[in-house]
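Here's the structure we're looking at; comments come further down.
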Amino acid sequence: MAEPLDDYIDAVSKALALPVEDAWRPAVRANLEVSLRLARLVDEFALPDETEPAPIFAV
Amino acid sequence: MTAKPDLSAADIAKAVAGGKLSALDATEAALARITQHDGVLNAFTDVTADRARAKARAIDADIAAGKEVGPLAGVPFAVKNLFDVAGLPTRAGSKINRDLPPARRDATLVERMEAAGAVLVGALNMGEYAYDFTGENIHDGPSRNPHDTTRMSGGSSGGSGSAVGGALVPIALGSDTNGSIRVPSSFCGIFGLKPTYGRLSRARSFPFVASFDHLGPFARSVTDLALAYDAMQGPDADDAACTTRGLEPTTPLIANPVSDLRIALAGGYFQKNVFPEAVEAVSRVAKALGATSVVEIPEAARARAAAYVISTTEGASLHLDRLRKRPNDFDPAVRDRLIAGAMVPAPLVDRAQKFRRWYRAQLAELFKSVDVLIAPATPCTAPKLGQVNFNLDGVELPVRANIGIHTQPISFIGLPVVAVPVPLEPLPIGVQIIAAPWREDIALRVAYALETMGIVAAPAPRGL
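Residue numbers (the numbering used here), protein chains in the order written: chain A, 1 to 59; chain B, 1001 to 1464.
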């Protein structure tokens, strides 16, 4: 049975021309689930619209 | 005078400069110790013996001619194999990169160490492309813990931890993106400095996550750590993130008293998910420093999450073309993490970088009332090589995902940290001494005070 993220993995794999062999798929999916879960934790945190990204410490 | 393995870098440099020990003898002693023990430790991937002997002879010739020599004269050192070393391909722990042409010029930090008189003896094992906390490497085999060779050295600068922990060299250099200096320091029982982001040049080293990549030294004493750090400071136009601040030497400051410093324990997140040995180590350090106040670092779990997201996506961006062309030449575990990283939607990454600015502002506020924060470096002592899970309070947790939980929220905003080794039995464990940006001097001062009190020390390697 297809997992919920499989269609997304297929679509991004095509869009980026990034191969995902069937044998790798469970590990890729598991890693993506972790990344998205952690990203959601960040996403849930409300920030002002004016917030700028902080790529480096300014001197 | 003979170059015993317990000689510090400072001892060696003083003896060499004073004519009591030749740089060549110091170098030969390190090479002999590498030959004797590296078959077990697997810390080195390259030994640059010819280059080292030539450099040592040049130092001895300078001394014979009455010329001034640098503060690290004759001190053997080695570097994680993501530093460019002229004549070697910069493998960065990978199979793919060893097809690269040999580096034509040394990394800036190698040049600066050698300008101070240090002698490069080789390049060190590491986790593939630095995406690792274990020190294991599928291509080169694991570097091993010098106190128990069945255990992890810690990653990703595993060879650096193993080489210094095993006293093969007094100083090594490594990189730290999410904890890769502090974790091996903790597992191998040595001192490590992750400086402020942008403090030390990364020029001609192989990157991982541009937002978080730092380079720094490992040593067996705070004096040696400060000596190496001071030798490497200074602006460098070849690293876009390198600060233009002038030199701020720490060696003259490390013995200053710490009684005027406001030292607090990091609470909340940093007191969770820790084994008793990490609690004991933090407690010993706090007690010795008279630190009783506990400060909550706000949203540390979210900071760790954001660091994870930025790391996996910037790492994926770096390796995208290699993932397309040579996916089967990666460690599968690294490959699958990077492919997943390439699939994280861009707005989530942008939000992580925005959260970073918010978090940085919170910490800047916190450092108005505190000079130093104390936190565990790792939740546990070195796990067994290949260990997948550990049991914490009855809960099975994956080892790899949890080794760096206490280091990631700190490097996320580039704060300077000295990892100090608490010599517990049977294995040492590290504690993070965290200071405000650009205050490496304060973190080193506290580490030196703890060393002087006998609370922290690099134990003699017990596994050799």
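A virtual CB, placed ideally from N, CA and C, is assigned to each residue, including glycine.
- For N1389(B), the enclosing beta strand (DSSP E) starts and ends at 1389-1392.
- Cβ contact annotation for R25(A) (same chain, cutoff 6 Å, sequence separation greater than five): none.
- For the stretch 1319-1331 of chain B, the set of residues with a beta-carbon nearer than 8 Å to any beta-carbon of chain A comprises L1320, L1323, R1324, P1327, in chain order.
- Within the stretch 1037-1125 of chain B, the beta strand (DSSP E) runs of at least 3 residues that lie entirely inside it are, in chain order, 1044-1047, 1076-1080, 1119-1124.
- Setting aside the 5 residues that flank it on each side, A1237(B) has no residue in the same chain whose C-beta is closer than 7 Å to its C-beta.
- In this structure, the alpha-carbon of G1093(B) lies about 13 Å from that of N1042(B).
- Counting C-beta pairs closer than 8 Å gives fewer than three between the stretch 35-51 of chain A and the stretch 1004-1022 of chain B, which falls short of the contact rule.
- Between A1056(B) and L1024(B), the CB-CB gap stays under 8 Å.
- Close to chain A, meaning a Cβ-Cβ distance shorter than 9 Å, are the following residues of the stretch 1341-1355 of chain B: G1341, A1342, M1343, V1344, P1345, P1347, L1348, V1349, D1350, R1351, A1352, Q1353, K1354, F1355.
- DSSP places H1214(B) in no alpha helix (DSSP H) but in the uninterrupted beta strand (DSSP E) bounded by 1214-1219.
- At a cut-off of 8 Å between beta-carbon atoms, E52(A) makes contact with chain B.
- When the beta-carbon positions are compared, P1217(B) and C1188(B) stay at least 8 Å from each other.
- The straight-line gap separating the alpha-carbon atoms of Q1362(B) and A1029(B) is approximately 49 Å.
- For A1073(B), same chain residues with a beta-carbon under 7 Å away, outside a window of 5 residues either side, are A1013, V1016, A1017, A1023, I1059, G1117 in chain order.
- By the rule that beta-carbons nearer than 8 Å mark a contact, V1388(B) does not touch chain A.
- Rounded to the nearest whole angstrom, the CA to CA distance from G1039(B) to A1288(B) is 39 Å.
- Residues of chain A whose Cβ lies closer than 7 Å to the Cβ of T1312(B) are, in chain order, S35.
- Assignment of beta-bridge partners to R1151(B) by DSSP yields K1384(B).
- Inclusion of D1331(B) and I1138(B) in the CB contact set at 8 Å is warranted, their separation being smaller than that value.
- At the C-beta level, A1078(B) and F1044(B) come within 8 Å of one another.
- Annotation for G1341(B): no beta strand (DSSP E) segment contains it, though the alpha helix (DSSP H) segment containing it runs 1332-1342.
- Within the same chain, and ignoring the five residues on either side of P1076(B) in sequence, the residues whose Cβ sits closer than 6 Å to its Cβ are T1027, A1030, V1119, V1121, V1169.
- Under a criterion of Cβ atoms nearer than 7 Å, no residue of chain A is adjacent to Y1269(B); the nearest Cβ is some 13 Å distant.
- Between V1085(B) and A1115(B), the gap from beta carbon to beta carbon reaches 8 Å or more.
- Under the 8 Å criterion on CB atoms, P4(A) is classed as non-interfacial with respect to chain B.
- Looking at the DSSP output, V1372(B) shares a beta bridge with I1263(B), A1435(B).
- Counting C-beta pairs with one atom in each stretch, the stretch 1259-1269 of chain B and the stretch 1223-1236 of chain B have fewer than three that are closer than 8 Å, which means they do not touch.
- In this structure I1096(B) is in contact with R1326(B), their Cβ atoms being roughly 5 Å apart against a cut-off of 8 Å.
- Secondary structure at S1175(B): strand, using DSSP grouped into helix, strand and coil.
- If you ignore the 5 residues before and after V1344(B), its C-beta comes within less than 7 Å of the C-beta of V1309, T1312, T1313, all in its own chain and listed in chain order.
- At the C-beta level, I1190(B) and A1009(B) stay beyond 8 Å of one another.
- Taking 8 Å as the Cβ-Cβ cut-off, the stretch 1374-1407 of chain B approaches chain A at A1401, given in chain order.
- Using a 10 angstroms sphere on the CB of E1440(B), the tally of other CB atoms reaches 16 or more, which defines it as buried.
- By the 16-neighbour rule on beta-carbons within 10 angstroms, N1391(B) is exposed.
- Around A1352(B), the same chain offers A1306, V1309, I1310 as residues with beta carbons nearer than 6 Å, after the five sequence neighbours per side are excluded.
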